[in-house]
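Numbering-wise, the sequence shown is residues 3 to 551 according to our numbering. Every residue gets a Cβ at the ideal spot worked out from N, C-alpha and C, and that includes glycine. Below: one structure, written as structure tokens.
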Amino acid sequence: MDEAITLRQAGNVLFASRKYMQAYEKYSAAIELDQSNAILFTNRAACGLEMKRCNLFAMTNRRFIIFSRVLDAMSDAQKAVKLDPKYAKGWSRLAQCQQETGNWTVAVRSWKKALECVPTMNLTPAEQTLRRQFKEGLRSAENRIAAAKFDARGRQEPISREDIKSGGLPWERAKAMMSHRPSESGMSSAWVIFEANKQFSEGMGQMSALKKDQFGKAYHTPGTVEKILDGILRDKRVIDMMTLGWTDRFNVQVLVENHALCAWINNGPEEVIDLAQKRILEKGWQSAGPAIALTIRYWVMNGFLTYAIARDSAASVKWFTGALEVLERGQRVWKDISDEVRGMVFTDNFIRAVRSLHLEVYLDACESELGKFNKTYTSERVLELADDIYLDSCKTLSQETNNPSTILSFRHYPAGMALATKGWYHKQKAAEADCTPELCAVHNMKCAKLYLQAAKEWIPQDDELHCWYLRAALYAMLRARAPLSSTLPVMAEIRKAYPEMKRIWEFSTALKGRDETLTEILDFEKKVLMALQKGGLNMESRVLLGDKF
3 MDEAITLRQA
13 GNVLFASRKY
23 MQAYEKYSAA
33 IELDQSNAIL
43 FTNRAACGLE
53 MKRCNLFAMT
63 NRRFIIFSRV
73 LDAMSDAQKA
83 VKLDPKYAKG
93 WSRLAQCQQE
103 TGNWTVAVRS
113 WKKALECVPT
123 MNLTPAEQTL
133 RRQFKEGLRS
143 AENRIAAAKF
153 DARGRQEPIS
163 REDIKSGGLP
173 WERAKAMMSH
183 RPSESGMSSA
193 WVIFEANKQF
203 SEGMGQMSAL
213 KKDQFGKAYH
223 TPGTVEKILD
233 GILRDKRVID
243 MMTLGWTDRF
253 NVQVLVENHA
263 LCAWINNGPE
273 EVIDLAQKRI
283 LEKGWQSAGP
293 AIALTIRYWV
303 MNGFLTYAIA
313 RDSAASVKWF
323 TGALEVLERG
333 QRVWKDISDE
343 VRGMVFTDNF
353 IRAVRSLHLE
363 VYLDACESEL
373 GKFNKTYTSE
383 RVLELADDIY
393 LDSCKTLSQE
403 TNNPSTILSF
413 RHYPAGMALA
423 TKGWYHKQKA
433 AEADCTPELC
443 AVHNMKCAKL
453 YLQAAKEWIP
463 QDDELHCWYL
473 RAALYAMLRA
483 RAPLSSTLPV
493 MAEIRKAYPE
503 MKRIWEFSTA
513 LKGRDETLTE
523 ILDFEKKVLM
533 ALQKGGLNME
543 SRVLLGDKF
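Here it is in structure tokens:
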């Protein structure tokens, strides 16, 4: 124990010097010697949080080390309060970790627990400081919950009951169109949303069968979490028009499956890899594979829901990067094990889908920091992530498939999104204060080219994203003051695709302001064509939306 104390003290010195990675290693060595000390786990959790805050990933080649440390930190904090339920700092550290991962409701409970552990009378100066800090943390968490509820109400665009009853939802329209869209004829978004909803609905049906007997024993259908998430990975819009009231029941389903499989949903990535290795040696892949898969799927689902419900992109990033660390390390460590044995979560398609969701929330986190001097999420990193996904999507198929839904969901859509994200990058570069007019035009035209490529090469014409990317391309051209010879063909493409898109996606809430924007473009095109016919404009004219001519 003396050696553990010495290591802890060394870790404290390093922590005070802001050498968090070295301090983390000291605390880890101390924990190896003494696994019953709540202070050690709390201190290591503090390191995990500070490593994230200091953006240390810029100094290491381990791509996911920083953000995934937050999940490890949360695991450490949970162990600390289990070892010593009266340890106030353990509860406060757990609350901080829960906030970092978007679990604001449970963070409130943890802050309250921390306050309960501090005396209310005859306080020392240190205890007074703790109570003040814990009250501030509690107030911040409660305010965040209230703000999230207000924001959610503002974002809701409910679909009328009439639309739902009339079969107007995208997957219902897709199902009705199946006989007109043979699989060999080409690519349609109908295949994507139909298959996504099929898997998602099957999972939801299985989840509704979850029951407990009079003794509290739960009866469930294995693989329910897998089906629900796989539907979302095929097309996350399967839940855009649905209430999210089922998430509480989903969490119960996860807990039941976690217990049945002895999985590791509450551990961090480092620990999951270690525990999985031990399980493989002791019980084989038959036991380890499903446990790894459930853990990964739960983290991915948490990342998705944290963003979908609370729009907490920073917290969402942490869940996805934790999952990706295990997935990418697992691919390397178990590279000689077939996908059939180690699990479908290690397939290229699954990982690419997770990386696409990660890119989306990372982009949103980056946008939230635009204008700030010190940034955690940079546009350069966004570009790197997009490049990686695009190159991966363009790889030769590892196994041939004729399933149009699979090809679109796991290759075409990730590639299209990656190109669109690269277009976004050039839009931001063009908007920078020091960008010259000439360079601004160059960036905007690059932006337009990438959005056009995304729409025309990768996204089916009957998908709302096809029109949306064309719109983004047109706007970029207009910002670059491109002539009508460039902009008019894009308007024509939108006019052609818009009615095709509405056959499936008429009632969709995925793209706010979609119809108003596209209708404005179509009206603008009519004005331009009339002016061309009358001689008021020519194909070299450069006009903007709203111009009078």
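- prompt: What residue from Y29, E371, T521, V545 has the CA that sits closest to V530's CA?
  reply: V545
task: Assign P292 to one of two classes, buried (16 or more other C-beta atoms within 10 Å of its C-beta) or exposed (fewer than that).
output: buried
task: Measure the CB-CB distance between C368 and S381 and report whether it falls below 7 Å.
output: yes
query: Near Y309, which residues of its chain fall below 6 Å by C-beta distance, leaving aside the five closest residues on each side in sequence?
result: S315, S318, V363
task: Rounded to whole angstroms, what's the CA-CA distance from S203 to I41? Just pull it up for me.
output: 46 Å
message: Which of the three DSSP states is assigned to K374 in this structure?
response: coil
Span of the alpha helix (DSSP H) around K448: 439-455
message: Helix, strand or coil for A220? Go by DSSP, reduced to three states.
response: strand
- prompt: Apart from the five residues just before and just after A211, which ones in its own chain have a Cβ nearer than 7 Å to its Cβ?
  reply: T223
- prompt: Based on Cα-Cα distance, which residue from S30, A32, L73 lies nearest to S51?
  reply: Sequence check: residue 51 is Leu here, not Ser. Checking every option, the nearest Cα to that of L51 belongs to L73.
- prompt: Are the Cβ atoms of M503 and C469 separated by less than 7 Å?
  reply: yes
message: I'd like to check one pair, D464 with S191: are the Cβ atoms closer than 7 Å?
response: yes
- prompt: Hey, quick one: how far does the alpha helix (DSSP H) through E204 stretch, first residue to last?
  reply: 191-210
field: Range of the contiguous alpha helix (DSSP H) that encloses I298
entry: 287-312
task: Using 10 angstroms around the beta-carbon of L547, count the other beta-carbons present and answer buried if the total reaches 16, otherwise exposed.
output: exposed
Alpha-carbon to alpha-carbon, I230 and K151: 25 Å
query: Is K528 helix, strand or coil by DSSP?
result: helix
message: Going by the DSSP bridge assignment, what does K214 pair with across the sheet?
response: A220
- prompt: Does DSSP classify V120 as helix, strand or coil?
  reply: coil
- prompt: Can you tell which of I506, G537, I523, E527 has its C-alpha closest to the C-alpha of M179?
  reply: I506
- request: Under the assumption that V194 contacts S38 (Cβ atoms under 8 Å), give the Cβ distance between them as a whole number of angstroms.
  value: At roughly 52 Å, the Cβ-Cβ gap does not stay under 8 Å, so V194 and S38 are not in contact.
For V545, the three-state DSSP class (helix, strand or coil): coil
message: Taking the alpha carbon of D237 as the reference point, which residue from N260, A198, W266, G270 has its own alpha carbon closest?
response: A198
task: Report the three-state DSSP secondary structure of F136 (helix, strand or coil).
output: helix
field: Alpha-carbon to alpha-carbon, T349 and A75
entry: 28 Å
task: Please report how far the alpha carbon of A457 lies from the alpha carbon of L96, in whole angstroms.
output: 44 Å
field: Cβ-Cβ distance between I282 and A325 below 7 Å
entry: no
- prompt: Are R354 and P416 close, meaning C-beta to C-beta below 7 Å?
  reply: yes
- prompt: Hey, which unbroken runs of the alpha helix (DSSP H) at 4 residues or more fall wholly within the stretch 314-344?
  reply: 315-335, 341-344
message: Can you look up E382 in the DSSP assignment and give me helix, strand or coil?
response: helix
- request: Measure the C-alpha to C-alpha separation of G13 and Q98 and round it to an integer number of angstroms.
  value: 20 Å
message: Using C-beta distances below 6 Å, list every residue in its chain close to D32, excluding the 5 sequence neighbours before and after it, in chain order.
response: A small correction: the amino acid at residue 32 is Ala; Asp does not occupy that position in the sequence shown. Within the same chain, A32 has close Cβ partners A6, L9, R10, L42.
- prompt: When burial is assigned at 16 or more other CB atoms within 10 Å of the CB, is S487 buried or exposed?
  reply: exposed
- request: Assuming H428 and L452 form a contact by the criterion Cβ under 8 Å, report the distance between their Cβ atoms to the nearest whole angstrom.
  value: 7 Å
Rounded straight-line distance, which links the Cα of R481 to that of Q208: 50 Å
- prompt: Just curious, the alpha helix (DSSP H) that K550 is in, first and last residue?
  reply: First-last for K550: undefined, no H or E at that position.
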